[in-house]
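Please read the structure below before turning to the comments.
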Amino acid sequence: MIRQLFPTDYIPSIFDLNISELKRNNIKGLIFDIDNTLVPFDVTHPSEKIINFFEELKSHGFKICLVSNNTEERVIKFNERLKVFAIHKASKPRSRSFKKAMALMQTDQNNTIVIGDQIFTDVWGGNKAGIKTILVVPVSERDEWITKIKRGLERTVIRIYERQRKKLK
Ligand SMILES: [Mg+2]
Numbered sequence: 001m002i003r004q005l006f007p008t009d010y011i012p013s014i015f016d017l018n019i020s021e022l023k024r025n026n027i028k029g030l031i032f033d034i035d036n037t038l039v040p041f042d043v044t045h046p047s048e049k050i051i052n053f054f055e056e057l058k059s060h061g062f063k064i065c066l067v068s069n070n071t072e073e074r075v076i077k078f079n080e081r082l083k084v085f086a087i088h089k090a091s092k093p094r095s096r097s098f099k100k101a102m103a104l105m106q107t108d109q110n111n112t113i114v115i116g117d118q119i120f121t122d123v124w125g126g127n128k129a130g131i132k133t134i135l136v137v138p139v140s141e142r143d144e145w146i147t148k149i150k151r152g153l154e155r156t157v158i159r160i161y162e163r164q165r166k167k168l169k
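Letter by letter, the sequence shown follows residues 1 to 169 in full-length UniProt numbering.
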């Protein structure tokens with residue numbers, strides 16, 4: 001049961017994504033959460049570093065879709081310079097938006113990954129949709145109040161996940 005909450009991998013930040021490994025694993029589609037995965041929830045636009053990284057990912061042929069539970073205004077503004085597929089009010093952890101993202105990118109469960117900072121939305125939702133998930137450390141300690149509540153439980157899940165991962169290595 002708790003395995004449903006475990007990510008496939010856990011890395012410090014999106015910039016630690018290993019492009020050659022993604023290619024080796026035949027990954028074609030990348031689903032990114034926005035808030036605290038790419039920028040703090042109260043930052044409107046992506047940094048130059050993110051814009052350049054997304055361009056690099058695109059140049060390698062990856063399709064990208066932002067999947068956010070945040071509002072249409074937030075997601076459209078954030079996507080102005082990234083120009084990737086984007087879904088707002090995604091209702092994660094429901095799997096509906098992940099399926100929609102794959103349809104937009106023309107990818108499937110086997111060649112798509114979800115990258116996000118939250119166990120109970122990104123990881124659980126991705127797992128339910130049958131997609132590999134990569135958990136990242138939140139870019140900021142600032143959280144919306146609803147997220148703040150979940151962080152304590154999240155830390156417990158991450159601790160158990162890391163203990164099991166160590167055993168497997
Ligand atoms: Mg997030």
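From the three backbone atoms N, C-alpha and C, an ideal C-beta is built for every residue, glycine too.
DSSP three-state assignment for Phe-32, whether helix, strand or coil = Per DSSP, reduced to three states, the secondary structure at Phe-32 is strand.
task = Taking all protein chains shown into account, decide if His-88 is buried (16 or more other Cβ within 10 angstroms of its Cβ) or exposed.
result = Under this definition His-88 is a buried residue.
inquiry  = Taking 7 angstroms as the limit between beta carbons, can you name the residues of its chain near Trp-124, skipping five residues before and five after?
reply    = Gln-4, Leu-5 and Pro-93, listed in sequence order.
inquiry  = Report the start-end ranges of each alpha helix (DSSP H) in the region 27 to 80 that is 4 residues or longer and not cut off at the edges.
reply    = Entirely contained in the region 27 to 80, the alpha helix (DSSP H) runs reaching 4 residues are, in chain order, 48 to 59 and 72 to 79.
task = Would you mind reading off the limits of the beta strand (DSSP E) that contains Thr-133?
result = Counting along the chain, the beta strand (DSSP E) containing Thr-133 begins and ends at 132 to 136.
ask   = Should Pro-7 go down as buried or exposed, given a rule of 16 or more other Cβ atoms within 10 Å for buried?
value = Classification for Pro-7: buried.
message = Just to confirm my understanding: we take Val-137, look at its own chain, exclude 5 residues before and 5 after, and list those with CB closer than 6 angstroms. What are they?
response = Only Pro-12 meet the Cβ criterion.
query = ligand 1: which residues have Cβ under 6 angstroms from any of its heavy atoms, chain order?
reply = By the rule of a C-beta closer than 6 angstroms to any heavy atom of ligand 1, the residues picked out are Asp-33, Asp-35, Asn-36, Thr-37, Gly-116, Asp-117 and Gln-118.
inquiry  = Out of Asn-111, Leu-82 and Asn-79, which one is the CA nearest neighbour of Thr-133?
reply    = Measuring from the Cα of Thr-133, the nearest candidate turns out to be Asn-111.
ask   = The alpha helix (DSSP H) spanning Thr-156 covers which residue range?
value = If you look at Thr-156, you'll find it in the alpha helix (DSSP H) that goes 145 to 168.
ask   = Which residues in the same chain as Asp-117 place their Cβ atom closer than 6 angstroms to its Cβ, once the five residues preceding and following it in sequence are excluded?
value = By the criterion of a C-beta distance shorter than 6 angstroms, Asp-117 is surrounded in its chain by Asn-36, Thr-37, Val-136 and Pro-138, once the five residues flanking it on both sides are discounted.
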